[in-house]
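What follows is one structure encoded as structure tokens, with my remarks underneath.
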Amino acid sequence: VGSKKLWGALIYASKDEASKREGFEDADPEMAATLGAVFTKFAHFQVLGARSETLYKSTHSWVAPSKQLCVKFDYKGLTEDGLGVKLDLQLWGQGKALVKTDAIFKPGSPVLIEGPEWGKGRLLYMLKLLDPASEEPEA
């Protein structure tokens with residue numbers, strides 16, 4: 004399992020150009036297309052922070068680009084085909100668990116989480132299992 008990594012990004016979604024936050028990069032076109040297909044009420048997506056964590060069998064880990072909103076995950080095993088992983092996910096905000104769920108991650112299939120309102124938009128989380136041959140997230 005130690006070779007598998009989970010990548011996560013905290014994203015600010017807004018409806019118009021005027022609501023964008025200064026000092027943050029726009030999501031790349033591929034990420035923006037994925038997010039826009041699911042979160043259709045938003046037109047702009049900015050990455051506030053991104054991080055990857057190696058998955059380990061016996062410990063929990065955090066993907067935490069922000070102290071206000073972060074994801075805790077516990078490894079629950081490989082999928083039957085060995086390509087993906089089963090994780091217990093928890094979305095945390097301001098020191099408490101907001102959402103808990105089980106999820107299966109496979110390369111190329113992101114998990115998207117809609118978080119709380121923030122400013123004139125909303126916080127989103129995108130989580131992906133990284134391709135072992137690459138450190139970059141797959142589409």
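Heads up, the sequence shown is in this note's numbering, so the first residue is 4 and it goes up one at a time.
Backbone N, C-alpha and C fix where the C-beta goes; we use that ideal spot for every residue, glycine too.
| Check | Outcome |
| --- | --- |
| Taking only the alpha-carbon atoms, compute the straight-line gap between Asp31 and Asp19 and give it to the nearest angstrom. | 17 Å |
| Mapping the DSSP letters down to three states, classify Arg125 as helix, strand or coil. | strand |
| Alpha carbon to alpha carbon, how far is Leu126 from Val102? Give it in angstroms, no decimals. | 14 Å |
| What are the boundary residues of the alpha helix (DSSP H) that includes Gly39? | Pro32 to Val41 |
| Report the residue ranges of all beta strand (DSSP E) runs contained in full by the stretch 46–125; include only those spanning at least 3 residues, in chain order. | 47–57, 63–66, 72–81, 88–96, 99–108 and 114–121 |
| With distance defined between alpha-carbon atoms, name the residue in Ala106, Leu94, Gly11 and Ala21 nearest to Lys75. | Leu94 |
| For a test of your reading of the model: does the CB of Thr43 fall under 7 Å from any non-hydrogen atom of the ligand ADP? Yes or no. | In the structure on display, the ligand ADP does not appear, and there are no ligands present to speak of. |
| Between the C-alpha atoms of Ala12 and Gly80, what's the straight-line distance to the nearest angstrom? | 23 Å |
| Would the beta-carbon of Phe45 fall within 8 Å of that of Ser17? | yes |
| From what residue to what residue does the beta strand (DSSP E) around Lys8 run? | Lys8 to Ser17 |
| So, with DSSP's three-state summary, where would you put Glu20? | helix |
| Rank Glu56, Lys109, Trp121 and Gly124 by C-alpha distance to the C-alpha of Lys8 and give the top, closest one. | Glu56 |
| What is the DSSP secondary structure of Lys44, reduced to helix, strand or coil? | coil |
| For Gln49, count neighbouring Cβ atoms within 10 angstroms of its own Cβ and tell me buried if that reaches 16, exposed if not. | buried |
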